[in-house]
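*Asks:* Below are the structure tokens for one structure; questions will follow.
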Amino acid sequence: RKCQYVCAFAVSATSSNWKRTGKPFNPLLGETYELHHNEFVLVAEQVSHHPPISAFHVESEYYRLWSTVQFKLRFWGKSIEVQPKGVVTLELLEPHEWYTWQNPNLTVHNVLMGKIWIEHVGTLSVTNHTLNYSAELEFQPASWFTSVCNQVVGKIYKRSAASTSSLFGGSLFSSSTDACPLRVLFGNWTKGLFSVDPRCWDSREDNTTEVNIPVADTSKNSRRKDPEAIDPNPMEENTGPEYGFDLPLPDQRSLWLARPRPADSSDFYNFTYFTLGLNELTPTLKSARFERSLQGNTALPEPSASLENRMMLSSITASVTSSPFLPPTDCRFRPDIRALELGNMDVAAGEKNRLEEKQRRARKSPGTRQPRPRSGQSSAPMILTRPSGSPNDAKKTCESEKNCLSSTTHPHAQPLRSRSSACSEPIVGPVWFRIGYTKATKQEEWKFTGDYWSRDWSRCPDLY
1 RKCQYVCAFA VSATSSNWKR TGKPFNPLLG ETYELHHNEF VLVAEQVSHH
51 PPISAFHVES EYYRLWSTVQ FKLRFWGKSI EVQPKGVVTL ELLEPHEWYT
101 WQNPNLTVHN VLMGKIWIEH VGTLSVTNHT LNYSAELEFQ PASWFTSVCN
151 QVVGKIYKRS AASTSSLFGG SLFSSSTDAC PLRVLFGNWT KGLFSVDPRC
201 WDSREDNTTE VNIPVADTSK NSRRKDPEAI DPNPMEENTG PEYGFDLPLP
251 DQRSLWLARP RPADSSDFYN FTYFTLGLNE LTPTLKSARF ERSLQGNTAL
301 PEPSASLENR MMLSSITASV TSSPFLPPTD CRFRPDIRAL ELGNMDVAAG
351 EKNRLEEKQR RARKSPGTRQ PRPRSGQSSA PMILTRPSGS PNDAKKTCES
401 EKNCLSSTTH PHAQPLRSRS SACSEPIVGP VWFRIGYTKA TKQEEWKFTG
451 DYWSRDWSRC PDLY
């Protein structure tokens with residue numbers, strides 16, 4: 001069952017892309033973002049400019065998750081294929097399990113003429129490296145001969161150690177294997193995902209009539225009448241019944257259902273409720289301070305700590321400094337994004353050009369140090385505790401937000417390894433992530449160093 005929910009989580013990440021055809025902002029090298037929400041904390045940083053790569057790290061008391069956002073583009077004349085290259089790694093802590101997957105391809109249709117629309121197409125393979133569970137979900141392409149689109153169908157297998165193939169070393173699923181599916185996953189990547197017993201799914205295919213019905217005339221004349229009908233099924237909406245939603249199956253299990261978007265979502269780049277609040281910078285969050293010790297990167301103990309800790313605190317009072325809770329590189333301080341959100345289009349365009357030119361000059365400066373990724377780094381375990389607050393959670397009151405940010409320590413304020421914060425030269429490049437090796441997946445990837453939690457922003461580049 002845990003593997004089913006991991007698959008649902010992986011599929012749910014694609015749902016926010018539905019109808020999101022607008023071009024996003026290009027992150028500046030070294031730009032960061034921090035988010036506290038639903039008992040997890042996320043830190044992201046733009047670690048590469050060419051090719052553009054964003055690394056992010058998520059952790060809570062129960063899991064860690066990290067990956068990179070990087071793509072390879074292919075132009076096919078009328079469409080663009082976006083191939084994600086970052087592998088998502090999920091580490092469950094209790095009990096300890098490792099999962100990996102790679103998101104499916106995204107196709108952008110009608111890039112030259114007609115209505116632009118997008119769909120996910122291809123295979124999403126989820127691997128449990130601890131218990132040898134594997135899942136393969138197929139994102140089915142739209143067609144002129146069906147009344148449904150955005151369909152996802154897959155199966156979960158239990159593999160023996162001898163027959164399990166590495167996700168990175170070869171094909172995960174082979175037609176020569178005799179593994180039997182344990183569960184069938186089906187649904188719509190824009191609406192939800194269900195699971196059912198394989199025998200129930202097979203009987204559905206054997207004993208029911210075809211659900212899909214033609215939705216368009218495929219003759220040449222009909223194509224001339226509709227100038228937007230360049231690629232198949234540009235409607236992006238289903239007109240026929242779907243299994244799980246309109247046609248429930250016996251003993252089906254609902255794994256995930258998408259939350260409806262705001263009624264005026266189309267007027268705001270088709271953002272979800274969650275996306276609409278990500279750029280919010282409350283006065284409390286903007287003015288919050290974080291106290292830390294100048295003796296290394298160790299955060300100060302809380303005032304409610306033991307007597308011994310309070311005595312230690314009083315002995316180093318002279319070495320206490322205060323820094324902003326958020327780094328100056330956080331994208332909520334980026335002036336062009338803020339101007340666009342406020343509707344100042346001319347100001348946003350001017351600020352965007354200024355920031356990009358500023359970074360170009362900084363990269364060309366002879367005194368600029370651009371740190372290179374170092375491979376083979378090992379990382380000590382993080383000390384994980386439940387976050388004490390969620391400053392970005394819209395459901396939290398202003399008072400609870402203030403209490404969270406006024407704490408003298410952060411729940412994750414222990415770096416993986418100490419590193420000198422002194423920097424004699426300006427840095428243009430990644431600060432909080434380095435190339436590291438993950439033993440469970442046997443891959444090098446961008447790993448979070450943990451130094452961010454010391455909140456020493458002297459190493460941050462001047463971006464804005």
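For the sequence shown, full-length UniProt numbering assigns the number 464 to the last residue and increments by one with no breaks.
Even for Gly, the Cβ is constructed at its ideal location relative to N, Cα and C.
In this structure, how does DSSP classify R361 when only helix, strand and coil are distinguished?
*Replies:* Three-state DSSP puts R361 in a helix.
*Asks:* Helix, strand or coil for Y273, going by three-state DSSP, please let me know.
*Replies:* Correct three-state label for Y273: helix.
*Asks:* Would you call W66 buried or exposed, if buried means 16 or more other Cβ atoms sit within 10 Å of its Cβ?
*Replies:* Buried.
*Asks:* Would you say P248 and C200 are within 8 Å of each other, going by their C-beta atoms?
*Replies:* Contact: no.
*Asks:* Confirm, please, whether the CB-CB distance from G114 to E136 is below 8 Å.
*Replies:* No. Outside cutoff.
*Asks:* Could you please give the first and the last residue of the uninterrupted beta strand (DSSP E) stretch that includes V41?
*Replies:* 40-48 is the extent of the beta strand (DSSP E) around V41.
*Asks:* Report the three-state DSSP secondary structure of T14 (helix, strand or coil).
*Replies:* DSSP places T14 in helix when its eight states are reduced to three.
*Asks:* Would a C-beta distance cut-off of 8 Å place T282 and E31 closer than the cut-off?
*Replies:* No; because the gap between Cβ atoms is not below 8 Å, this pair is not in contact.
*Asks:* Consult DSSP for R289 and reduce its assignment to one of helix, strand or coil.
*Replies:* Strand at R289.
*Asks:* Look up N188 in the DSSP assignment and say whether it is helix, strand or coil.
*Replies:* Residue state, collapsed to three classes: strand.
*Asks:* Is the CB-CB distance between A10 and L124 below 8 Å?
*Replies:* Yes, the Cβ-Cβ distance between A10 and L124 is below 8 Å.
*Asks:* With R74 as the anchor, note down where its alpha helix (DSSP H) starts and where it stops.
*Replies:* From DSSP, R74 is part of no alpha helix (DSSP H) but of the beta strand (DSSP E) over 71-75.
*Asks:* For G187 and V152, which I take to be in contact (beta-carbon distance under 8 Å), what is that distance rounded to the nearest angstrom?
*Replies:* About 5 Å separates the two Cβ atoms, so the contact holds.
*Asks:* Apply the 10 Å Cβ neighbour rule to D462 and answer buried if 16 or more other Cβ atoms are within range, or exposed otherwise.
*Replies:* With fewer than 16 other Cβ atoms within 10 Å, it is exposed.
*Asks:* Indicate the three-state DSSP secondary structure (helix, strand or coil) for W432 in the structure shown.
*Replies:* Correct three-state label for W432: coil.
*Asks:* If you count every other CB in all the chains shown that lies within 10 Å of the CB of S378, and 16 or more means buried, which is it?
*Replies:* Any answer about S378 is weak, because its pLDDT of 37 lies below 50 and its placement is not dependable; what the coordinates show is given next. Result: exposed.
*Asks:* Below 8 Å on the Cβ atoms is my guess for N279 versus E341; work out the distance and round it to an integer in Å.
*Replies:* With a Cβ gap of about 6 Å, N279 and E341 count as contacting.
*Asks:* Could you tell me the distance, in whole angstroms, from the CA atom of S451 to the CA atom of V431?
*Replies:* A small fix is needed here, since residue 451 is Asp in this sequence, not Ser. When rounded, the distance between both Cα atoms is 9 Å.
*Asks:* What's the gap between the Cα of V88 and the Cα of A13?
*Replies:* Between V88 and A13, the C-alpha separation is close to 11 Å.
*Asks:* In three-state terms, what does DSSP make of L35?
*Replies:* Strand.
*Asks:* Just curious, the alpha helix (DSSP H) that R338 is in, first and last residue?
*Replies:* Where R338 is concerned, the enclosing alpha helix (DSSP H) stretches over 335-341.
*Asks:* Does the segment 47-59 touch the segment 432-449, meaning 3 or more C-beta pairs lie closer than 8 Å?
*Replies:* Cβ pair count under 8 Å is three or more, so yes.
*Asks:* Relative to the C-alpha of Q46, which candidate in E34, R354, E39, K364 has its C-alpha closest?
*Replies:* Nearest C-alpha to Q46: E34.
*Asks:* Would you kindly work out how many angstroms separate the C-alpha atoms of L28 and D197, rounded to a whole number?
*Replies:* Going from the Cα of L28 to the Cα of D197 covers about 47 Å.
*Asks:* Please state the DSSP three-state secondary structure of A55.
*Replies:* Residue state, collapsed to three classes: strand.
*Asks:* Using the rule of at least 16 other Cβ atoms within 10 Å of the residue's Cβ for burial, across every protein chain shown, is L355 buried or exposed?
*Replies:* Counting Cβ neighbours within 10 Å, L355 comes out buried, since at least 16 surround it.
*Asks:* Would you list the one or two residues that DSSP bridges to S266?
*Replies:* S266 pairs with nothing; no bridge assigned.
*Asks:* Excluding the five sequence neighbours on either side, which residues of its own chain have a C-beta within less than 6 Å of the C-beta of I53, listed in chain order?
*Replies:* Taken in chain order, the residues that qualify are V47, T68, Q70.
*Asks:* Roughly how many whole angstroms lie between the Cα atoms of R334 and R363?
*Replies:* Going by the C-alpha atoms only, they are around 19 Å apart.
*Asks:* Less than 6 Å between C-beta atoms, sequence neighbours within five positions excluded: which residues of the same chain meet that for L92?
*Replies:* The residues are Y63.
*Asks:* Quick one: Cα of R20 to Cα of K352, how far?
*Replies:* Their backbone Cα atoms lie some 21 Å apart in a straight line.
*Asks:* Should G194 be labelled buried (16 or more other beta-carbon atoms within 10 Å of its own) or exposed?
*Replies:* A small fix is needed here, since residue 194 is Phe in this sequence, not Gly. Flag for F194 reads buried.
*Asks:* What do you reckon, are the CB atoms on W189 and N150 nearer than 8 Å?
*Replies:* Yes. Within cutoff.
*Asks:* Who are the Cβ neighbours of S322 in its own chain at under 6 Å, not counting the five residues just before and after it?
*Replies:* Counting only Cβ-Cβ distances below 6 Å, and skipping sequence neighbours, we find R289, E291.
*Asks:* Looking at the structure shown, is S254 part of a helix, part of a strand, or coil, going by DSSP?
*Replies:* If DSSP states are grouped into helix, strand and coil, S254 belongs with the strands.
*Asks:* In three-state DSSP terms, what is W144?
*Replies:* W144 falls in the coil class under three-state DSSP.
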